[in-house]
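What follows is one structure encoded as structure tokens, with my remarks underneath.
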Amino acid sequence: MNAKRQVPYHRPAIGPDEEREVLEALRSGWITTGPKAKQFEQEFARYVGARNALAVAHCTGALHLALFAIDIQPGDEIITTPFTFTATAEVMGYLGARPVFVDIEPDTFNIDPRRVQAELESGRHPKLRAILPVHFAGQPCDMGAIMRLARHHGLKVIEDAAHAVGAASPIDGRGLVKVGLIGDLTCFSFYATKNITSAEGGMITTEDDAMAAKIAVASLHGMDRDAWKRYDSSGSWFYEIHDIGFKYNLSDVHAAIGLAQLRRCDELKRRRQAIAQTFNEAFGAEPALQIP
Ligand SMILES: *Cc1c(COP(=O)(O)O)cnc(C)c1O
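Following the working numbering, the numbering of the sequence shown begins with 2 at its first residue and continues without gaps.
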């Protein structure tokens, strides 16, 4: 096969807007977490309509922090899907928790709420704490059903929205709700191959201010938020360490790429939809293939 004619796995769409934002960050004299990361959080919160958005180094860290925020303990169990990237279940291991894998629906590739219900009613999992659905390839899970089950059984919901920035799901009594406003915590990825990219990066959204505050502190060594200002004339040299934390802050250079990409999110989505339609039209009539 001629390698030149192979469809590439993924090429990021980086243009002059990304270059301009990154140059601005590089020339500002401030390259790690600072004003660009803060602006990325604000613009992302506005895009989703979320009350809190916290920028982090990657979605893996976002998922870890989300589990930390709901106080997952060793031995706890979390329902999730086996049809995902390894990070979804990997982070459970960071905290000594265990995944309970529930199979997917064949037509959506998403976790099957009926099988979740069966697992919940089996009585086999007294240490269940949460459900962690994955919106595979950007198609949202049946979040109406998942939220109903979680609330009925007293479980938290953390969404792995690594592929699902800009997606929405119908919720009882609320109509179509954007991913990022549904579960207790939602984790997005800006890895190089995702819907929008910051090369490496992630975001957590939540409507819960207490959890947002806990994550903000935990994401940078347990320091009080805005400790980065300790180098700045507007801040103070004084900061406190409140707890053991993690090193999950997003640099301003990465946030700068993310800012430019976020503004192009809808444009990139339309382009992706057009490409998907081309594939569907090309392969839809082929009886050996099933078009997702
Ligand atoms: C990519 C991905 C992640 C991890 O994202 P990073 O930003 O690379 O840490 C988590 N879950 C799913 C479903 C993913 O595809």
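All C-beta atoms in this analysis are idealised placements derived from N, C-alpha and C, irrespective of residue type, glycine included.
Just so it is clear, the structure is predicted and the values come from calculations on it, not from any experiment.
When you compare each of the options to residue i by their alpha carbons, which one comes out closest?
| i | options | result |
| --- | --- | --- |
| Thr89 | Leu64, Asp104, Gly97 | Leu64 |
| Ile159 | Gly176, Gly50, Asp225, Thr187 | Thr187 |
| Asn196 | His154, Val166, Ala56 | Val166 |
| Phe69 | Val178, Lys179, Glu282, Ile216 | Ile216 |
| His222 | Leu27, His153, Asn250, Phe239 | Asn250 |
| Glu91 | Thr61, Ile276, Leu66 | Thr61 |
| Val135 | Gln7, Gly181, Ala256, Ala38 | Gly181 |
| Val254 | Lys37, Arg271, Arg12 | Lys37 |
| Glu19 | Phe41, Arg175, Lys179 | Phe41 |
| Gly259 | Asp104, Asp225, Phe191, Ala286 | Phe191 |
| Val178 | Glu201, Ala257, Pro141 | Pro141 |
| Gly1 | Ser199, Ser170, Met204 | Lying outside 2 to 293, the shown extent of the chain, residue 1 is not represented and no answer is given. |
| Ile73 | Lys157, Met204, Ala214 | Lys157 |
At a threshold of 8 Å, does residue i count as lining ligand 1 (C-beta to nearest heavy atom)?
| i | result |
| --- | --- |
| Ala294 | What the structure shows of the chain is the stretch from 2 to 293, and residue 294 is not part of that stretch, so it cannot be assessed. |
| Cys60 | yes |
| Glu160 | no |
| Ser190 | yes |
| Thr207 | no |
| Leu221 | no |
| Lys248 | no |
| Ala54 | no |
| Thr89 | yes |
| Thr85 | yes |
| Lys215 | no |
| Phe137 | yes |
| Gly181 | no |
Quick one: what does DSSP say residue i is sitting in, helix, strand or coil?
| i | result |
| --- | --- |
| Ile216 | helix |
| Cys188 | strand |
| Asp209 | coil |
| Glu19 | helix |
| Glu78 | strand |
| Arg99 | strand |
| Lys270 | helix |
| Asn250 | coil |
| Asn281 | helix |
| Leu121 | helix |
| Gly203 | strand |
| Val49 | helix |
Decide if residue i is buried, meaning its Cβ has at least 16 other Cβ atoms within 10 Å, or exposed.
| i | result |
| --- | --- |
| Lys128 | exposed |
| Thr194 | exposed |
| Ala131 | buried |
Do the region 104 to 114 and the region 70 to 90 meet, that is, are 3 or more Cβ pairs less than 8 Å apart? With the cut-off at 8 Å, the region 104 to 114 and the region 70 to 90 touch.
Could you tell me whether the region 37 to 50 touches the region 256 to 269, using the rule of 3 or more Cβ pairs below 8 Å? In this structure the region 37 to 50 lies against the region 256 to 269, because at least three pairs of beta carbons, one per stretch, are closer than 8 Å.
Closer than 8 Å is the cut-off here; do at least three beta carbon pairs connect the region 72 to 79 with the region 90 to 106? yes
Could you tell me whether the region 52 to 62 touches the region 203 to 213, using the rule of 3 or more Cβ pairs below 8 Å? yes
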